[in-house]
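Residue numbers (the numbering used here): 14 to 427.
To start, the structure under review is shown below, and the notes come after it.
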Amino acid sequence: MLCGVSLTPDERNAAVLVVGGRHVLSEPDEAYITEDMRDKAYNICREFLSGTWKSISSRDMVFKSVSGGLSNLLYYCSLPETHTPLYGEPSQVLMRMYGQIPSEGSDTTVTESVICTLLSERNLGPKLYGVFPGGRLEEYIPARALTLQQLKDPEISLLISKKLARVHVLQAPLVKEPTWLFNNMNRWLKYARTIKVDTVPIKQQTMAVKLLTVDLAAEVNWLKEFLAKTESPIVFCHNDLQEGNILFMDAPGPKEENMVFIDYEYCAYNYRGFDIANHFCEWMYDYSYPEHPYFKALPGDYPSVEHQRLFIARYLATYTKCLAMTNEPKQPPNMCTVDYVLHEARVFTLASHLFWTLWSIFNAHTSKIKFGYWEYGQARLDAFMELKHDLLQKTSSPGAAPSTNCTPQRVAQP
14 MLCGVSLTPD ERNAAVLVVG GRHVLSEPDE AYITEDMRDK AYNICREFLS
64 GTWKSISSRD MVFKSVSGGL SNLLYYCSLP ETHTPLYGEP SQVLMRMYGQ
114 IPSEGSDTTV TESVICTLLS ERNLGPKLYG VFPGGRLEEY IPARALTLQQ
164 LKDPEISLLI SKKLARVHVL QAPLVKEPTW LFNNMNRWLK YARTIKVDTV
214 PIKQQTMAVK LLTVDLAAEV NWLKEFLAKT ESPIVFCHND LQEGNILFMD
264 APGPKEENMV FIDYEYCAYN YRGFDIANHF CEWMYDYSYP EHPYFKALPG
314 DYPSVEHQRL FIARYLATYT KCLAMTNEPK QPPNMCTVDY VLHEARVFTL
364 ASHLFWTLWS IFNAHTSKIK FGYWEYGQAR LDAFMELKHD LLQKTSSPGA
414 APSTNCTPQR VAQP
């Protein structure tokens with residue numbers, strides 16, 4: 014997960030380290046700190062940052078492990094208080110170590126580094142100080158991650174909508190075809206077929222059997238056909254916009270300017286409807302729950318239609334304004350109405366649920382990070398099945414978009 018670190022509930026009232034992730038642990042996990050790791054971090058900082066870093070010893074360096082991301086390990090490295098930078102080098106950085114999720118391939122890490130650099134240049138994300146085999150060095154940002162309650166705050170939510178619109182107009186050096194969504198689901202599905210239940214911890218075996226006996230391949234194929242009935246613009250998407258990945262920097266100025274999205278691990282060109290729907294889904298999951306399974310499902314907390322309309326209206330106004338300042342082709346007028354995007358979000362909510370179901374099954378068998386992956390996968394699959402049933406029951410043509418002959422709605426100005 015990219016450009017940031019997680020926080021504890023008690024730390025949310027202070028400047029903290031924040032790591033993107035779908036789960037928050039209550040304390041830094043010292044189990045990941047070893048002398049070998051300290052020495053490795055020291056040598057990396059010394060080589061990439063130079064300056065004062067070359068004049069301290071490994072034991073002098075402040076070194077802490079901060080857990081919370083569900084993919085990688087992240088460490089805080091700092092000069093001791095007795096030393097100050099000589100040539101403008103940073104006094105504190107974050108070191109990210111890959112490897113918690115095998116088989117991701119080098120393309121993912123290269124993409125993350127490219128995107129991190131792009132966002133830094135656009136003042137939309139932290140700086141990248143170094144890339145090395147197995148990880149990278151990132152800027153430390155004193156910031157507060159949003160709480161779930163703040164994510165749902167009407168004022169903050171509208172700021173998020175504007176920031177998301179600005180992300181969607183970015184041009185990134187990535188494949189522009191929308192293959193990311195189903196490529197990932199099919200890859201995780203293929204891995205799920207290799208899981209033997211007797212390799213799952215005994216306490217999770219019943220739930221694993223329940224998940225693995227569902228014909229997930231059929232659900233993926235059905236979803237692909239269903240989504241094809243709704244035309245959704247392809248844009249540069251964050252794809253994981255939950256409260257832990259939205260920071261407020263401790264700096265003067267407008268709130269909007271101090272809001273930063275982090276953790277672009279899943280970024281890709283994808284369907285606009287997915288990014289918006291996925292964010293709405295995050296209202297329903299609290300990752301600060303301190304006991305197993307380390308999350309709490311809140312199915313009744315999906316945004317109201319009234320709030321979705323406000324969010325989408327602000328998003329469209331900002332997106333249109335930003336797009337007007339570029340040479341990019343404009344979207345068809347019928348796709349720029351609140352009703353159309355509202356429909357997109359409802360349909361692509363299905364995609365969000367099934368995507369994270371398969372992600373959970375994969376991680377349940379590969380990740381060493383403490384989280385109830387099987388339970389989370391079941392929660393998302395239950396939500397998928399319920400919405401699928403609802404859509405099929407309530408509409409005669411469930412995947413079809415609203416009439417394309419409607420007059421574009423006026424939307425609130427940003």
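Positions of the beta carbon are idealized from the N, C-alpha and C atoms, including for glycine.
Alpha-carbon spacing of R206 relative to G138, whole angstroms:
38 Å
Restricting to Cα atoms, I'd like to know which of V123, F261 and Y298 is closest to R157.
F261
Could you give the uninterrupted runs of the alpha helix (DSSP H) lying entirely in the segment 137–202, keeping only those of 4 residues or more?
161–164 and 167–181
Using only CA atoms, which one of I289, L150 and K309 lies nearest to K53?
L150
According to DSSP, what are the bridge partners of Q105?
S91
Which complete beta strand (DSSP E) runs does the segment 229–288 hold, if anything under 3 residues is left out?
247–250, 259–262, 272–274 and 281–284
Determine the direct distance from the alpha carbon of L161 to that of E295, and round the result to whole angstroms.
8 Å
Taking the alpha-carbon of R135 as reference, which of V273, K407, K216 and P155 has the nearest alpha-carbon?
V273
Taking all protein chains shown into account, decide if Y315 is buried (16 or more other Cβ within 10 angstroms of its Cβ) or exposed.
buried
I'd like to know whether the C-beta atoms of P246 and R200 end up nearer to each other than 8 Å.
no
Residue burial classification, N258 (beta-carbon count within 10 angstroms, cutoff 16)
Here N258 is buried, its C-beta having at least 16 other C-beta atoms within 10 Å.
Say whether the segment 275–290 touches the segment 357–367, bearing in mind that this needs 3 or more beta-carbon pairs closer than 8 Å, one atom from each stretch.
yes
Leaving out the 5 sequence neighbours to the left and right, which residues in its chain are closer than 6 Å to L132 when beta-carbon positions are compared?
G138
Distance, Y142 Cα to C90 Cα:
Per the coordinates, the alpha-carbon of C90 lies some 13 Å from the alpha-carbon of Y142.
Could you tell me which whole alpha helix (DSSP H) segments of length 4 or greater appear in the segment 365–415?
Whole alpha helix (DSSP H) segments, 4+ residues: 386–407.
Could you check if A337 is buried or exposed, using at least 16 other CB atoms within 10 Å of its CB as the buried criterion?
exposed
Which of helix, strand or coil DSSP assigns to M297
helix
Only counting the same chain, and skipping five residues up and downstream in sequence, which positions put a Cβ closer than 6 Å to that of V222?
V210
Taking 6 Å as the limit between beta carbons, can you name the residues of its chain near L394, skipping five residues before and five after?
T370
Could one say the Cβ of M272 lies closer than 8 Å to chain D's Cβ atoms, at least one of them?
Of the protein chains in the structure, only one exists, and it is not chain D.
Bridge-paired residues (DSSP) for M74
None; M74 has no bridge partner.
Could you tell me which of A241, Y100 and P267 sits nearest to F361, measuring between CA atoms?
A241
Which whole-angstrom value is the C-beta distance of V127 and H181, which I expect to be below 8 Å?
Incorrect: roughly 18 Å between the Cβ atoms, too far for contact.
How would you call R72, buried or exposed, if buried means at least 16 neighbouring beta carbons within 10 angstroms?
exposed
For M50, which of helix, strand or coil comes out of DSSP?
helix
Using C-beta distances below 6 Å, list every residue in its chain close to S104, excluding the 5 sequence neighbours before and after it, in chain order.
L92 and P98
When you compare each of L400, Y300, G101 and T350 to Y389 by their alpha carbons, which one comes out closest?
Y300
What residue range is occupied by the uninterrupted alpha helix (DSSP H) comprising T331?
V318 to A337 is the span of the alpha helix (DSSP H), which, as asked, contains T331.
Am I right that M74 and L87 are in contact with their C-beta atoms under 8 Å? What's the rounded C-beta distance?
With a Cβ gap of about 16 Å, M74 and L87 do not count as contacting.
Supposed contact pair D253 and D228 - C-beta distance, whole angstroms, cut 8 Å:
D228 to D253, Cβ: 27 Å. No contact.
Just to confirm my understanding: we take V354, look at its own chain, exclude 5 residues before and 5 after, and list those with CB closer than 6 Å. What are they?
Leaving aside the five residues that flank V354 on each side, the residues in its chain whose CB is nearer than 6 Å to its CB run, in chain order, I325.
Please report how far the alpha carbon of S70 lies from the alpha carbon of L164, in whole angstroms.
42 Å
For D263, tell me which candidate among W372, V123, P155 and S68 has the shortest Cα-Cα distance.
P155
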